[in-house]
Amino acid sequence: MINKSVCILDYGSGNVGSVFNLLKHMKLDAVISNEEKVIQNSSHLILPGVGSFGSAMEKITNNLPLEVLENEVLIKNKPFLGICVGMQVLANYGLEFGKNAGLGWIDGVVDIMHSADHPLPHIGWNNVERTQESMLMSGFEKINDFYFVNSYCFIAKNINNVLAETTYHEKFVSVIGKDNIMGVQFHPEKSQGAGQKIITNFLEY
């Protein structure tokens, strides 16, 4: 992982600091920023997220240079990882507190989980089962424990973008990917060794 530098996108999300602390613990070159030059000069981009879809998109729109970000990710194919709500906003739109437009980088919609008598939000450790081979999930056994906090989930339009699923009454998408763009519904920064492995795999892109 020589010459890998990570920009954790700073748009006012509550868990930016904890993601930064994980990367520093792993002795990785990381910075929290929303500056154009930092985004352009970084090798990898991470978008953390907590809270609601619409609130996150409002903060992203107001605090990040979206034109620069889209050029780096969609044109230059810079590796990008969305975490929790940072994954959900990759969708075309979300239905939390009304219909809100997302980034639209991976076709899909975010809707409330079908949990039946299971309480929402879905909080705590749960298994992640790979649905296809990917670099992001390489080196894991078929099923692994990761830490979740979510009431909504990503419903992908294209099954080929689904890299892993998790069961909470019903299966929901827990890892998505499309070329250089990836997202995880769980929190790597709270998932101990498994979370560190996800970050390590991400930096291999």
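The sequence shown: position 63 = 52 (the numbering used here), numbered continuously.
Every residue, glycine too, gets a C-beta built ideally from N, C-alpha and C.
Close beta carbons around residue i, own chain, < 8 angstroms, minus the five adjacent residues each side
| i | result |
| --- | --- |
| H33 | K(-7), S(-6), V(-5), C(-4), K67, P68, F69, L70, F191, L192 and Y194 |
| Q174 | C73, M76, Q77, F137, N139, C142, F143, T155, F161, V162, S163 and V164 |
| K210 | Lying before the first or after the last residue shown, residue 210 is absent from the chain, which here runs from -10 to 194. |
| I112 | F137 and V138 |
| Y87 | The sequence as given places Gly at residue 87; Tyr does not occur at that position. Excluding sequence neighbours, G87 sits near G43. |
Alpha-carbon spacing of residue i relative to residue j, whole angstroms
| i | j | result |
| --- | --- | --- |
| E56 | D106 | 43 angstroms |
| N89 | L36 | 18 angstroms |
| E59 | V27 | 14 angstroms |
| S7 | N149 | 31 angstroms |
| W114 | V5 | 21 angstroms |
| N81 | V151 | 15 angstroms |
| E25 | S31 | 10 angstroms |
| T120 | K65 | 28 angstroms |
| L12 | E159 | 32 angstroms |
| G182 | H14 | 12 angstroms |
| I128 | Q185 | The sequence given here has Gly at residue 128, not Ile. Each residue's alpha carbon lies about 12 angstroms from the other. |
Close beta carbons around residue i, own chain, < 7 angstroms, minus the five adjacent residues each side
| i | result |
| --- | --- |
| K146 | D96 and G97 |
Residue range of the unbroken alpha helix (DSSP H) whose run includes residue i
| i | result |
| --- | --- |
| L11 | V5 to H14 |
| V57 | L55 to E59 |
| K186 | Q181 to F191 |
| I49 | F42 to N52 |
| G38 | Careful: G38 lies outside any alpha helix (DSSP H) and carries neither H nor E. |
| G113 | Per DSSP, G113 belongs to no alpha helix (DSSP H); it is in the beta strand (DSSP E), H111 to R119. |
| V74 | V74 to Q77 |
Other residues of its chain near residue i: CB distance less than 6 angstroms, five sequence neighbours each side excluded
| i | result |
| --- | --- |
| V117 | N133, F135, A153, T155 and S163 |
| W94 | L79 and I170 |
| L109 | S140 |
| E85 | S41, F42 and Y141 |
Paired residues, beta bridge with residue i - DSSP
| i | result |
| --- | --- |
| H33 | V(-5) |
| I21 | I(-3) |
| D134 | N116 |
| Y82 | A90 and V98 |
Where the beta strand (DSSP E) through residue i begins and ends
| i | result |
| --- | --- |
| G171 | It should be pointed out that residue 171 corresponds to Met in this sequence rather than to Gly. I170 to V173 is the span of the beta strand (DSSP E), which, as asked, contains M171. |
| V162 | E159 to K167 |
| I101 | G97 to I101 |
| Y141 | Y141 to A145 |
Meets three-Cβ-pair contact criterion under 8 angstroms: the region 69 to 87 and the region 157 to 177: As far as the Cβ criterion goes, the region 69 to 87 touches the region 157 to 177, which means the pair count is three or higher.
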